[in-house]
Each structure stands twice: as C-alpha cells, then as structure tokens.
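*Asks:*
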Amino acid sequence: CNWFDVEKSEIENSTKLALVIGNNKYKFIDKLKNPINDAKLMKKTFLNLGFDSIIYQENLVYDSMRNTITDYYRLQKNYEIGFIYYAGHGLQDDDGNAYLVPVDFNPSDVLEGNSISVNNISKLISNNNNVKDKNILILDACRSTYNPEDNFSIPRMKDPVNVKINFSTSYGSLALDHPDLNNSLYTKTLSNFLLIPNQNIFDVFDCTWNMVYTKSKYKQSPSSYFGQMINRMKINLNGCEWFSKITIRLL
C-alpha cells in the first residue's frame with residue numbers, strides 16, 4: 000500500500016499504528032446500532048492492510064476516551080504511520096468545531112471538557128515533531144447540535160502539516176447510521192476502497208465521497224481537510240499492505 004506516492008520500499012518498511020474506538024451504549028442520549036459493527040469492520044480492514052499494532056476500544060466514558068487517545072499519542076512516537084477511527088455520536092459547537100461524544104455525555108453539559116475536541120486531537124498528534132509521520136484523521140460523523148435550526152459557521156480547522164482529517168458528512172449535517180444495515184454507508188464504502196490496490200489517499204476519499212453522496216441520494220456529503228505534508232499516499236501496491244490515517248467516525 001503506497002498511499003503517499005513514495006518509494007514502495009519506504010512504505011513496506013514503515014511501521015503502522017491504528018486506534019479504533021466504537022461507542023454505542025450511551026447513557027443519556029440515543030443509543031446507536033452500527034458503531035461497534037463499524038469499529039470491528041475497520042479493525043479487520045487494518046489487519047488486512049498489515050498494520051503492526053491496533054488499539055481497539057468500545058464504549059468509553061470521557062476519562063477513558065481521553066486516556067486512550069493520550070496512550071495512542073505516546074505510542075505514536077514509535078511509528079511512522081498513524082490512523083485513528085472513531086464510531087459513535089458526534090456534535091459541533093456554534094463555531095463549527097467538532098467533538099467526539101463519550102458514552103457518559105449528558106446533553107445538559109457543555110461540549111468543552113465533557114467531550115473530545117477534534118481540533119485538540121489533531122494538534123496533539125501533530126506535535127510528535129517527526130516530519131516522516133503520516134497521520135490521517137477520518138470522522139464519519141454528525142456535525143450538528145441538538146437544535147437543527149442553529150446557523151453553523153464553517154469550522155475553523157487548524158490543519159497541521161502532517162495530518163489529514165476526513166468527515167463522513169459536511170458541517171452542520173447528519174451522518175446516516177443506517178440501522179437497517181450492519182454498517183454505516185460511509186464506513187462500509189471507505190473500507191472497500193481502502194482495500195483496492197494502487198490508489199493514493201486522494202483517490203480513496205474522492206471515490207468514497209462520490210459513492211456515499213450518490214447512494215445517500217445526495218443527503219450525505221463527506222468533507223476533507225488535508226495537511227500539506229500528506230501528498231498522494233498510495234494504498235495497496237500489492238493488493239494490501241498498510242496505510243496511515245486517523246479515522247474518527249461520529250454519528
């Protein structure tokens with residue numbers, strides 16, 4: 000898998016780390032059907048892509064979620080490629096900033112300090128100061144507040160140079176969970192395209208966007224933010240070997 004358009008040997012010799020989190024058993028807000036299935040699918044996908052290490056967690060409260068991401072950050076220093084995938088509820092504030100929602104989140108609480116800021120994750124993982132690191136942060140997520148009449152501003156994402164962020168939907172919008180299916184449309188589509196040989200990272204997300212947008216009957220439109228050091232990372236030169244990314248799946 001050469002998702003970055005570098006020498007094949009460099010990708011084959013790169014060390015790969017993934018963090019996968021699935022949250023669905025919420026205490027104070029609606030439970031979800033697919034996040035655990037989606038997390039398990041992405042774990043299997045990373046195994047098929049030859050990742051060296053995969054951290055897998057389910058149904059984390061706020062403190063456990065924060066600690067798990069901190070543990071990933073500490074381990075990430077020993078790897079050259081990193082991928083975080085989150086499946087569960089996601090929200091954004093009035094300024095368009097996205098948050099990952101732990102299972103103990105109470106809707107009466109403020110987002111800051113009770114849920115995980117995507118901007119903070121992005122800044123954290125970009126601070127390892129290893130320019131060879133290639134990180135991709137993907138968020139299959141709702142990006143709305145509880146009031147659908149709110150006017151959302153375009154999120155002010157601070158793009159670290161070595162981090163790629165991908166949301167499963169556009170700002171202020173919902174990500175479809177598809178409770179009638181075993182997986183969300185976005186995660187199932189993403190998994191399929193990651194395993195196709197000889198694609199770069201732009202190809203993967205462009206193809207994923209096109210299929211999700213079409214199959215959702217134009218209701219769900221994924222969006223991306225690329226750091227400047229994420230070039231055209233190719234995936235699967237030999238069918239499947241690896242990848243680097245941070246996926247956060249929010250619903």
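If you count the sequence shown from 1, position 168 lands on 167 in the working numbering, and the numbers rise without skipping.
In this text, a Cβ means the ideal position worked out from N, Cα and C, and glycines have one as well.
Return helix, strand or coil for His-36, following the three-state DSSP convention.
*Replies:* Here residue 36 corresponds to residue number 37 of the sequence shown, with the count starting at 1. Residue identity check: residue 36 is Asn in the sequence provided, not His. Correct three-state label for Asn-36: helix.
*Asks:* Where are the beta strand (DSSP E) runs, 3 residues long or more, that stay fully inside the segment 55-117, in chain order?
*Replies:* 80-87, 89-91 and 97-99
*Asks:* From the DSSP output, in three-state form, read off Ile-120 for me.
*Replies:* Here residue 120 is taken as the residue at index 121 of the sequence shown, counted from 1. Ile-120 falls in the helix class under three-state DSSP.
*Asks:* Should Val-203 be labelled buried (16 or more other beta-carbon atoms within 10 Å of its own) or exposed?
*Replies:* On the sequence shown, residue 203 is found 204 positions in, with the first residue counted as 1. It is buried - the Cβ of Val-203 has at least 16 other Cβ atoms within 10 Å.
*Asks:* In whole angstroms, what separates the C-alpha of Ser-52 from that of Ile-135?
*Replies:* Along the sequence shown, read from residue 1 onward, the residue named residue 52 stands at position 53. Along the sequence shown, read from residue 1 onward, the residue named residue 135 stands at position 136. Ser-52 and Ile-135: Cα-Cα distance of roughly 16 Å.
*Asks:* So, helix, strand or coil for Leu-194, using DSSP?
*Replies:* Position 195 of the sequence shown, counting from 1, holds the residue named residue 194. DSSP places Leu-194 outside both helix and strand once states are collapsed to three, so it counts as coil.
*Asks:* Can you tell me which of Asn-36, Ile-54, Lys-26 and Arg-73 puts its alpha carbon nearest to the alpha carbon of Val-60?
*Replies:* Residue mapping note: residue 60 aligns to position 61 of the sequence shown, counting from 1. Looking at the Cα atoms, Lys-26 is the closest of the given residues.
*Asks:* Helix, strand or coil: how does DSSP classify Leu-136 here?
*Replies:* One-based indexing of the sequence shown puts residue 136 at position 137. Strand, per DSSP.
*Asks:* Buried or exposed: Val-261, going by 16 or more other Cβ atoms within 10 Å of its Cβ?
*Replies:* This structure leaves residue 261 out entirely; the chain is present only between 0 and 250.
*Asks:* In chain order, what residues of the same chain have a beta carbon less than 7 Å from the beta carbon of Asn-113, not counting five sequence neighbours either side?
*Replies:* Counted from its first residue, the sequence shown places residue 113 at position 114. Tyr-61 and Phe-104, listed in sequence order.
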